[in-house]
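Converting from the sequence shown to my numbering requires adding 133 to each position, the first position being numbered 1.
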Amino acid sequence: MRMDRFHRQRGLVDQRALMSTRVLISGSADGVGELFVMLRQLGVGVIEPGSIGIVTTDQMPASVFWKLMYGEFGSWEDWREQTTKGRCSVELIPQGDIVRDDWDIHLTLEEENDMFGDVNGLVNGMCGIVTGSIPPLRNIGLGMHPIHAAMRTVVAATLVNEALKVIGIRNSIPVSEVWLTVSCRIETADQQLARDHVRGVGGVLLDVSPSQDGLATIARYRYPIEHDIDTNELIAVEKQEYALPEIIDVGFIPWDSDFQHTGCEHSVENEEIASPASNVSILGVGGLGSWATPLICQALHGGVVNIIDGDDEIEMHNLNRQVLYREQDIGGAKATVAASRLSELFPHLQFNSFETFLRRAHVGEASEEGIDLNELFSDSEGENGVEDIDEELRQALKTSQIYLGCLDNMQARTILNEVALKSEMPMINGGGESIHGVVERLHDEGCMVCRYGTEVANAPEVISCTEEGARPITSIVTTTAYVGAMMAALTILELSGSIIHHGMRYTWLDGISNQSQVCKPPWFDEPCIRHNLQEIVG
Ligand SMILES: [Zn+2]
Numbered sequence: 134m135r136m137d138r139f140h141r142q143r144g145l146v147d148q149r150a151l152m153s154t155r156v157l158i159s160g161s162a163d164g165v166g167e168l169f170v171m172l173r174q175l176g177v178g179v180i181e182p183g184s185i186g187i188v189t190t191d192q193m194p195a196s197v198f199w200k201l202m203y204g205e206f207g208s209w210e211d212w213r214e215q216t217t218k219g220r221c222s223v224e225l226i227p228q229g230d231i232v233r234d235d236w237d238i239h240l241t242l243e244e245e246n247d248m249f250g251d252v253n254g255l256v257n258g259m260c261g262i263v264t265g266s267i268p269p270l271r272n273i274g275l276g277m278h279p280i281h282a283a284m285r286t287v288v289a290a291t292l293v294n295e296a297l298k299v300i301g302i303r304n305s306i307p308v309s310e311v312w313l314t315v316s317c318r319i320e321t322a323d324q325q326l327a328r329d330h331v332r333g334v335g336g337v338l339l340d341v342s343p344s345q346d347g348l349a350t351i352a353r354y355r356y357p358i359e360h361d362i363d364t365n366e367l368i369a370v371e372k373q374e375y376a377l378p379e380i381i382d383v384g385f386i387p388w389d390s391d392f393q394h395t396g397c398e399h400s401v402e403n404e405e406i407a408s409p410a411s412n413v414s415i416l417g418v419g420g421l422g423s424w425a426t427p428l429i430c431q432a433l434h435g436g437v438v439n440i441i442d443g444d445d446e447i448e449m450h451n452l453n454r455q456v457l458y459r460e461q462d463i464g465g466a467k468a469t470v471a472a473s474r475l476s477e478l479f480p481h482l483q484f485n486s487f488e489t490f491l492r493r494a495h496v497g498e499a500s501e502e503g504i505d506l507n508e509l510f511s512d513s514e515g516e517n518g519v520e521d522i523d524e525e526l527r528q529a530l531k532t533s534q535i536y537l538g539c540l541d542n543m544q545a546r547t548i549l550n551e552v553a554l555k556s557e558m559p560m561i562n563g564g565g566e567s568i569h570g571v572v573e574r575l576h577d578e579g580c581m582v583c584r585y586g587t588e589v590a591n592a593p594e595v596i597s598c599t600e601e602g603a604r605p606i607t608s609i610v611t612t613t614a615y616v617g618a619m620m621a622a623l624t625i626l627e628l629s630g631s632i633i634h635h636g637m638r639y640t641w642l643d644g645i646s647n648q649s650q651v652c653k654p655p656w657f658d659e660p661c662i663r664h665n666l667q668e669i670v671g
């Protein structure tokens, strides 16, 4: 049970309560589709009386995440029959047949019939809000903006995150891991003797220490995770008490702003991405890349998408947030499976997949400005790293217009940033774990070294799952969907020639998003040899 589909989110929510919650969803077809995909990833409706009630729409959802999860169906009944039966409870409710009291909470996304619920989300071009009351309408319509789908995912993530708090199942403090430890008192003060004669299951050595009275040895054994027990059920974490704010504004520009005065005349209203030959490189198709990549592909009219990920095994506990993968994809390599699934949906794009971790050697020769990368960074690959350079990957990286860092460690981000700096192209950097996220653009206004300092930028920490020795982290779909969709939105804006987001950093803290102008971190006063710090500080 420990490493099941929901393992990584168990320290953030009461999983059993979440599974037995009854959630009603309504709105546009794609709005309903988006909410359903996220609620399913969280596990709503798996345990009785839990259920997801869908107020049916005339059209079926056609959003990219719906298609990835379910493909295409002609009717709601067919879809339910073929995909959810026996897996989760789904109730189809015709418009007008809603009995509100049957449900714990009612969520709406892009509601079109004034049938607003407890938490509501609306999207309009680059604007998006989540609110507990009837949403204030926007006066100026933007039509189908190229980032509309990405904004809808951003709003859906915020909406669902708020809903978890409103129904009172969110832990007041994240618990990243719960271990079950067996302790025993061994009647000898000789610790070596104790260690020689008492072992854990499978012959595992015990941690030993003297007992308080000095007469015996206390030994501890960590019960291994393969055993069928959910340790999170052995502790009780106080639940968060929560009142929904009146309006949570998650858009790139405020919901009530007048576009004439926001500089958004430079944006891409009702237009499409100009270039039919985009070239995008995405490093990492786990939690963040799973959400960013499909949204970007959907916006592209042609071109090349390079997918780079060295993780050669999709695991069950990835499935609570990595929407690119299904149960039948478990065991496959992420880059290959992602490229194959996306090329089915987007046959007009060329996908290149690289099952490799990005190495310093992929950056290429020293840059023209004469910067010696080996002086800037210690090369953990050693000398032989250069021998097996994947020339194809090097070429792919060289021709990209934009780079996405959807990664879990700083060093790989910094190497990707080197590639971007050499190509003089922007990089969209994203990070997300637990209930925190950050998205930023790195280009002329600053690089990884400017932002984080040489030491932090090169920290090789790889956050893996829960194996001992690695820092355990929690992850949940609301955070990864928000960060991934924001990365996609910035990428699409960039490829469209929009400049509104330069020098901005977008942070997410438990559903509240914030925009700030990037500046020099207070603890960091090293000069960056590429960027004049004064310029980026100003
Ligand atoms: Zn710099």
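Here a beta-carbon is modelled for each residue, glycine too, at the ideal position from N, C-alpha and C.
**Request:** Return the chain-ordered ranges of every alpha helix (DSSP H) run that is complete within the segment 281-324 and spans a minimum of 4 residues.
**Result:** The qualifying runs are 281-299.
**Message:** With a threshold of 7 Å on Cβ separation, who are the neighbours of Q650 within its own chain once the five nearest residues in sequence on each side are excluded?
**Reply:** G636, M637.
**Prompt:** Grouping DSSP H, G and I as helix and E and B as strand, with all else coil, what is R353?
**Reply:** DSSP places R353 in strand when its eight states are reduced to three.
**Asked** Within 7 Å: the Cβ of R663 and any heavy atom of ligand 1?
**Response** Yes, since a heavy atom of ligand 1 falls inside the 7 Å radius drawn around the Cβ of R663.
**G579, DSSP secondary structure in three states** = Strand.
**Asked** Do G465 and G617 have their CB atoms nearer than 8 Å?
**Response** No, the Cβ-Cβ distance between G465 and G617 is not below 8 Å.
**Request:** Leaving aside the five residues before and after C661 along the sequence, list all residues of the same chain whose C-beta is less than 7 Å from its C-beta, in chain order.
**Result:** These residues qualify, in order along the chain: C580, V582, C583.
**Asked** Three or more C-beta pairs closer than 8 Å, one from the segment 162-172 and one from the segment 284-300: is that the case here?
**Response** Cβ pair count under 8 Å is three or more, so yes.
**Message:** Using a 10 Å radius around the Cβ and a threshold of 16 neighbouring Cβ atoms, would you call R143 buried or exposed?
**Reply:** Burial state of R143 is buried, judged by a 10 Å Cβ sphere holding 16 or more other Cβ atoms.
**Enclosing alpha helix (DSSP H) for R546 [first to last residue]** = Run containing R546: 543-556, per the alpha helix (DSSP H) assignment.
**Prompt:** For the alpha helix (DSSP H) that contains W199, what are its first and last residues?
**Reply:** Note, W199: alpha helix (DSSP H), 197-203.
**Message:** Based on DSSP bridge pairs, tell me the residues matched to G525.
**Reply:** In the sequence under discussion, the amino acid at residue 525 is Glu, which differs from the Gly named in the question. None; E525 has no bridge partner.
**Item:** Nearest-angstrom Cα separation, counted from G443 out to D462
**Value:** Rounded to whole angstroms, D462 to G443 spans 16 Å at the Cα level.
**Message:** Am I right that L172 and V293 are in contact with their C-beta atoms under 8 Å? What's the rounded C-beta distance?
**Reply:** At roughly 7 Å, the Cβ-Cβ gap stays under 8 Å, so L172 and V293 are in contact.
**Message:** Buried or exposed, going by whether 16 or more other CB atoms sit within 10 Å of the CB of H278?
**Reply:** Counting other Cβ atoms within 10 Å of its Cβ, H278 reaches 16 or more and is therefore classed as buried.
**Asked** Are L575 and A553 touching if we call contact CB-CB under 8 Å?
**Response** For the 8 Å CB-CB criterion, L575 and A553 form a contact.
**Request:** Examine the Cβ distances between the segment 219-226 and the segment 190-203 and report whether three or more of them are shorter than 8 Å.
**Result:** Verdict: no, contact absent.
**Prompt:** When you compare each of S567, L242, R493, M202 to M543 by their alpha carbons, which one comes out closest?
**Reply:** For the residues S567, L242, R493, M202, the minimum Cα distance to M543 belongs to R493.
**Asked** What's the gap between the Cα of N403 and the Cα of R233?
**Response** Low confidence applies here, because N403 scores a pLDDT of 42, under 50, leaving its location unreliable; read the following figure in that light. Rounded to the nearest angstrom, the two C-alpha atoms are 37 Å apart.
**Message:** Just checking C317 against ligand 1 - is the residue's beta carbon closer than 7 Å to any of the ligand's heavy atoms?
**Reply:** No.
**Prompt:** In three-state terms, what does DSSP make of T264?
**Reply:** The answer is strand: DSSP assigns T264 an E or B state.
**Asked** For Q215, is the classification buried or exposed, using 16 other Cβ atoms within 10 angstroms of its Cβ as the cut-off for buried?
**Response** The Cβ neighbour count for Q215, taken over all protein chains shown within 10 Å, is under 16; the residue is labelled exposed.
**Request:** Could you have a look at E676 and say whether DSSP puts it in helix, strand or coil?
**Result:** There is simply no residue 676 to check, as the chain begins at 134 and stops at 671 in what is shown.
**Asked** P182: buried (16+ other C-beta within 10 angstroms of its C-beta) or exposed?
**Response** P182 is exposed by the Cβ-count criterion.
**Asked** So, helix, strand or coil for S159, using DSSP?
**Response** Strand at S159.
**Given T640 as reference, the closest of D137, R303, D382 once Cα atoms are compared** = Answer by Cα proximity: D382.
**Item:** Nonlocal neighbours in the same chain, by C-beta distance under 7 Å from T489, ignoring five residues either side
**Value:** Shown here for T489: same chain residues with a beta carbon closer than 7 Å to its own, the five before and five after excluded, namely I441, G443, D523, L526 in chain order.
**Prompt:** Are the beta-carbon atoms of R138 and L452 separated by less than 8 Å?
**Reply:** Taking 8 Å as the cut-off, the Cβ atoms of R138 and L452 count as close.
**Request:** Counting only the same chain and skipping the five closest in sequence on each side, list residues whose C-beta sits under 7 Å from that of H140.
**Result:** So the qualifying residues of the chain are H450.
**Asked** Measuring CA to CA, which of L348, G417, R454, Q455 is closest to V438?
**Response** Minimum Cα distance to V438 is reached at G417.
**Request:** Ignore the nearest five residues each way along the sequence and tell me which others in E244's own chain have a CB closer than 7 Å to its CB.
**Result:** Answer for E244: S159, G160, N253, listed in chain order.
**Request:** Report all residues from its chain with a CB closer than 6 Å to the CB of T157; omit the five preceding and five following residues, and keep chain order.
**Result:** The amino acid at residue 157 is misidentified as Thr; the sequence shows Leu. Around L157: G186, W236, H239.
**Close beta carbons around T189, own chain, < 8 Å, minus the five adjacent residues each side** = Around T189: W209, L225, I226, P227, Q228.
**Asked** Would you report the Cα separation of M152 and V311, rounded to the nearest angstrom?
**Response** Approximately 20 Å, taken between the alpha carbons.
**Inter-stretch contact (C-beta, 8 Å, three-pair minimum) for the segment 312-320 and the segment 345-356** = With a cut-off of 8 Å, the segment 345-356 and the segment 312-320 count as touching, because enough Cβ pairs lie within range.
**Prompt:** Hey, is V552 close to ligand 1, as in C-beta under 7 Å from one of its heavy atoms?
**Reply:** No, Cβ of V552 sits at least 7 Å from all heavy atoms of ligand 1.
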